[in-house]
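Take the sequence shown: its letter number 297 is residue 285 in the working numbering, and every next letter is one higher.
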Amino acid sequence: MNTLTAFLHTLLALLLEMAPWLLFGFLAAGVLHVFVPGKIYRRFLSGRNFRSVFWAAMLGVPLPLSSCGVIPTGMGLRKDGASRGASVSFLISTPQTGIDSILATWALLGLPFAVIRPLAAFLTGILGGTLVNCLIPEDALPEPSPECADENRSASDTLCGASFLRKISIALHYGFVEMMQDIGKWLTLGLAVAAGITVLVPDGFLASLSEKTPLFGMLAILLLAVPMYVCATGSIPIAAALIAKGVSPGAAFVLLMAGPATNAAAMLIVGKVLGRKTLAIYLSAIFLGAIASGLAIDLLCPPEWFTLNFSTAPDPACCCGGIAWWKAACAALLGLLLLNALIFRRDGAFSIRRRSRILAGSASFEAASADSTVSAASDPVLSLENRSQDPQMKGKEMSENISQVRNYRVNGMTCNHCRNFVERSIRSVSGVEDVNVSLSESLAVVFGPALPEDVIHAVEDAGFEIQEI
């Protein structure tokens, strides 16, 4: 069997094992997003005490947010009145795992890993949050204004009164479209890296590098994992491939824990918004938690607990009728969803001529017409034409003739959660009549007489870089 064929067979084997659990996890994530009220989170996270830190970690573990996606959510909770310690606890515990990755971990690595992983995320979140509460004084936060509270409502809050079918539709869109768009690239990369390790790395090679000094192997993986971006789900096949090649379960767990917990972009935002001392505690809790968990797994747990549930070795039989039909169906569906996320992305193209019919007469239309096409996500037309049809916007008035349209370049957005948070931050500015934010173009189009400095200040407070264009 040549290398390419072996790679494809291994990739297929990984996809078949993970697909059913991933699909179920994405569905559960959508249900959580729509049916769990945001006020539940905010109710338990205020107060500079252990209770807020505990509940921040407890509520963060099942949420399927990446280390970039969790940043705007955590900053939003902070803005809503969550304590600094609770915010850090949430930022540490949430990206390490989620309901989707817990199920996928069980499918690929076994039940012990699936139990230890959320437990370690929970404990490290409590460690980081408690240290922040003890060592860093709490800044006085103003009470959230009614406008701010309105803009930071969860999907469940904003859909109050919507029909059950409408909520189900939004849950499916969030789980199978938005989440796929956020992590699809990294999940695909994780599967490809895992297949590459399985096929290209000789058996026993990685084990020989760390068997004499297990701590050295863990530290090496830790230093590689922290700055790079790998989501909680995408790290699972990589860890499975490392174990199959002889790396200890503890060292593989360091990757599972530290890789998703943070990355270079998240570290910059945490340091900017919460301060350097908080960033140091945030990173220290992740480092100590990952190494301590890895050592505990290798030294205290029976090795037979961590036997892989399937073989990563290429198996030609998997392509010769040996695949369960339901696994094949799930893998095909997951593949289509990944293709949709990777190829079609978030934005469609709209003709500038169509915009002109809506924006004719706008003082800044000529400036807005510099590009021949604009994305649907950043297209004012999409907002203006659909605004009356959106049940969330009923009863809201907008000026028939928008006085100003300003464009801003926003840097630092990496997922739909970032985009939504930037949009909510801009909407909270006085004078903003409407706003559309495009993730793929890093562009915000703001309508209304709002002062540019107020818009810039609101976005910078959210942890993103912005400039008017």
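Each residue gets a CB set at the ideal place from its N, CA and C atoms; glycine is no exception. Keep in mind that this is a model prediction, so the values were computed, not measured.
- With a cutoff of 8 Å on beta-carbon distance, G48 and T93 are scored as not near each other.
- Secondary structure note for A432: its beta strand (DSSP E) is the uninterrupted segment L431 to F435.
- Along the segment 212 to 278, the alpha helix (DSSP H) occurs as fully enclosed runs of 4 or more residues at 223 to 232, 237 to 249 and 252 to 262, listed in sequence order.
- Beta-bridge annotation (DSSP): Y396 is paired with A432 and E456.
- One alpha carbon belongs to A312, the other to L79, and they sit about 39 Å apart.
- Less than 8 Å separates the beta-carbon of I226 from that of L243.
- Counting of Cβ neighbours within 10 angstroms places E292 among the exposed residues, the total staying below 16.
- Contact between the segment 176 to 189 and the segment 203 to 216 is not established, with fewer than three Cβ pairs separated by less than 8 Å.
- If you draw a straight line from the Cα of S413 to the Cα of V447, it is about 6 Å long.
- Burial check for C406: the Cβ neighbour count within 10 Å reaches 16 or more, so the residue is buried.
- DSSP lists no beta-bridge partner residue for D88.
- In this structure V434 is in contact with Y396, their Cβ atoms being roughly 7 Å apart against a cut-off of 8 Å.
- Within the DSSP secondary-structure output, V58 pairs in no beta bridge.
- Distances from the alpha-carbon of A280 to those of G323, L111 and L53 put L111 closest.
- For V22, the secondary structure class from DSSP, reduced to helix, strand or coil, is helix.
- N37 carries a coil assignment under DSSP once its states are collapsed to helix, strand and coil.
- Shortest Cα-Cα distance from V120 to any of I257, L(-8), V76 and D422 involves V76.
- Contact annotation: L65 and L115 have beta-carbon atoms that are not nearer than 8 Å.
- In its chain, beyond the 5 residues on either side, A227, L230 and I231 have a beta carbon closer than 7 Å to the beta carbon of A240.
- In the three-state DSSP reduction, S151 falls in the coil class, being neither helix nor strand.
- Going by C-alpha positions, P50 is about 24 Å away from C289.
- Taking C-alpha positions only, M46 is separated from A70 by approximately 14 Å.
- Taking a contact as a CB-CB distance under 8 Å, the pair L10 and T221 counts as one, their CB atoms being some 7 Å apart.
- DSSP places V189 outside any beta strand (DSSP E), giving it a letter other than H or E.
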